[in-house]
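In what follows, a single structure is set out as structure tokens and then discussed.
This is the structure we're talking about:
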């Protein structure tokens, strides 16, 4: 904390921008050194007789400029030397480590064989437009028609003209956010959400507001209250198992959230990258609110990781915005990979691999059920992971460190946290990232750690 305070007499309209400028000057002049903790939003608002929202917007503007960072549970800090967030997974697999940190489907020889066959076919059948054209509309009309067939399997009835091909879900998420929320806007999401959403929102200059969840996903009343209190432009949701807690949202909850979005005229971004892998689920949110939902899905988590292609379906009101933002950020999806996806959807290979994945995941979940018996973990039969709330006394940092010391890598739950309220330390454990034998070994170590007394690591000096 610092003794420097903004000068209330120097504030001008708009107040948030004037306040941000004062703090920025103090940082530039060295009055607020790197690492200084700024006053909490409410405290500064009370001191300056401003609304909390005004102070929040000022801090968001400073985050957008790269001058401060907001750390959930700790506060806002001057950051003159930018610090990039660490991913929850290991960037590369190390030695004998059992890596349960990265989310990926179960992969065996069949996946390599199918990809080799696909590239062999592509070598003989690559259309000239896919190799030589710069114009998306010359390459993708046929692919969009097939994409509409695949989206029908996901529960979505949409025209090919409303579909963009993307280089996977991350590309689709980025384009969707850019299309519905300008810099400085607020986007709501679940209190436990996608790990790339927090840094992505920062890079796009967006304020992210994490809202309470229960066993059925985001609470509609919380979204309604957030929309009434502030200017929410969109809500980002993961209703079908891919969310960190492996929740499968009910149809009633989807309908309720769609009604709130319609009442306040906000956009919905739906991340549904597991698509038809998840059985016995309600229709997508895009089916309940088709006029305002941008629907993202892809193939990497349900067929082969190397098939980095996805679909972004947008309502008429956003089609032009999506096309423009996709053009400037990606130009277009990789045509050769799109050719493979289109062929696989048409000849049944995609669904063959989806069905194979369901069976493989059933075996992995049986292992988890056996080893984690008695532990309060959360999962779904088609989830690629389990979510393990930590027993009382355990900290995430300590648990992850102890696991790593014993040769197991896992993802800390805080990597997915977007709000403080009601937080319980937890870890995400991937089921598909290694062999069944290594999974059994890794889960056994984690079960032993969770069942035992927490112990701090001692440093050898």
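Numbering (our numbering), first residue to last: 3 to 463.
C-beta atoms are modelled at their ideal positions from N, C-alpha and C, and glycine is treated no differently.
Nonlocal neighbours in the same chain, by C-beta distance under 7 Å from residue i, ignoring five residues either side
| i | result |
| --- | --- |
| residue 64 | 22, 25, 26, 70 |
| residue 283 | 242, 250 |
| residue 335 | 167, 168, 169, 311 |
| residue 413 | 90, 91, 103, 429, 430 |
| residue 207 | 66, 185, 186 |
| residue 158 | 286, 288, 289, 297, 315 |
| residue 343 | 301, 309, 311 |
| residue 276 | 242, 243, 244, 303, 304, 384 |
| residue 55 | 232 |
Rounded distance between the beta-carbons of residue j and residue i, thought under 8 Å
| i | j | result |
| --- | --- | --- |
| residue 391 | residue 428 | 5 Å |
| residue 291 | residue 260 | 4 Å |
| residue 212 | residue 421 | 3 Å |
| residue 190 | residue 237 | 4 Å |
| residue 322 | residue 145 | Rounded, the Cβ-Cβ distance is 20 Å, inconsistent with contact. |
| residue 410 | residue 376 | In fact, because the Cβ distance is near 19 Å, the residues do not count as touching under 8 Å. |
| residue 359 | residue 107 | 5 Å |
Beta-carbon proximity check, residue i vs residue j, cutoff 8 Å
| i | j | result |
| --- | --- | --- |
| residue 299 | residue 156 | yes |
| residue 152 | residue 313 | yes |
| residue 327 | residue 177 | yes |
| residue 271 | residue 263 | no |
| residue 388 | residue 370 | yes |
| residue 188 | residue 235 | yes |
| residue 58 | residue 43 | yes |
| residue 267 | residue 164 | no |
| residue 345 | residue 120 | yes |
| residue 17 | residue 46 | no |
| residue 50 | residue 386 | no |
| residue 332 | residue 203 | no |
| residue 148 | residue 280 | no |
| residue 353 | residue 273 | no |
C-alpha distance - residue i paired with residue j, whole-angstrom precision
| i | j | result |
| --- | --- | --- |
| residue 78 | residue 258 | 34 Å |
| residue 248 | residue 432 | 11 Å |
| residue 320 | residue 199 | 20 Å |
| residue 161 | residue 150 | 7 Å |
| residue 38 | residue 80 | 5 Å |
| residue 183 | residue 229 | 14 Å |
| residue 351 | residue 68 | 46 Å |
| residue 278 | residue 439 | 28 Å |
| residue 403 | residue 435 | 19 Å |
| residue 324 | residue 181 | 6 Å |
| residue 134 | residue 124 | 15 Å |
| residue 2 | residue 219 | In the structure as shown, the chain begins at 3 and stops at 463. Residue 2 is therefore absent and cannot be evaluated. |
| residue 442 | residue 368 | 10 Å |
| residue 407 | residue 449 | 15 Å |
| residue 460 | residue 179 | Bear in mind that a pLDDT of 46 at residue 460, under 50, signals an unreliable position, so the model cannot answer this. |
| residue 240 | residue 417 | 16 Å |
| residue 36 | residue 293 | 46 Å |
| residue 48 | residue 9 | 13 Å |
| residue 364 | residue 381 | 11 Å |
| residue 265 | residue 447 | 49 Å |
| residue 374 | residue 197 | 25 Å |
| residue 129 | residue 138 | 14 Å |
| residue 111 | residue 357 | 16 Å |
| residue 330 | residue 136 | 13 Å |
| residue 226 | residue 126 | 54 Å |
Contact with chain C by residue i, beta-carbon distance below 8 Å
| i | result |
| --- | --- |
| residue 280 | The chain labelled as chain C is not found in the depicted structure, where only one protein chain is given. |
8 Å CB neighbourhood of residue i in its chain, flanking five on each side removed
| i | result |
| --- | --- |
| residue 2 | Residue 2 is absent from the structure shown; the chain starts at 3 and stops at 463. |
| residue 455 | 395 |
| residue 6 | 28, 33, 34 |
| residue 398 | 392, 414, 415, 416, 427, 428, 429 |
| residue 424 | 193, 214 |
Own chain residues within Cβ distance below 6 Å of residue i, not counting five before or after
| i | result |
| --- | --- |
| residue 306 | 113, 117 |
| residue 209 | 62, 188 |
| residue 378 | 391 |
| residue 217 | none |
| residue 355 | 305 |
| residue 171 | 275, 298, 300, 312 |
| residue 40 | 78 |
Near the ligand GTP: residue i beta-carbon under 7 Å from a heavy atom
| i | result |
| --- | --- |
| residue 271 | With respect to the ligand GTP, the structure offers nothing, as it holds no ligand at all. |
Unbroken stretches of the alpha helix (DSSP H), 4 residues or longer, contained in the segment 109-155: Entirely contained in the segment 109-155, the alpha helix (DSSP H) runs reaching 4 residues are, in chain order, 111-127, 130-134, 138-141, 143-155.
Complete runs of the alpha helix (DSSP H) confined to the segment 295-369 [at least 4 residues]: You should have 318-331, 337-349.
Ordered list of beta strand (DSSP E) runs contained in the segment 254-294, each at least 3 residues: Along the segment 254-294, the beta strand (DSSP E) occurs as fully enclosed runs of 3 or more residues at 269-273, listed in sequence order.
Those runs of the beta strand (DSSP E) which lie wholly inside the segment 16-89 and span at least 3 residues: If we require 3 residues or more, the beta strand (DSSP E) runs fully inside the segment 16-89 come out as 70-73, 77-80.
Whole runs of the beta strand (DSSP E) within the segment 405-452, excluding any shorter than 3 residues: 428-432, all fully within the segment 405-452.
Length-filtered (3 minimum) beta strand (DSSP E) runs lying within the segment 179-225: Counting only runs of 3 or more, we get 188-192, 209-213.
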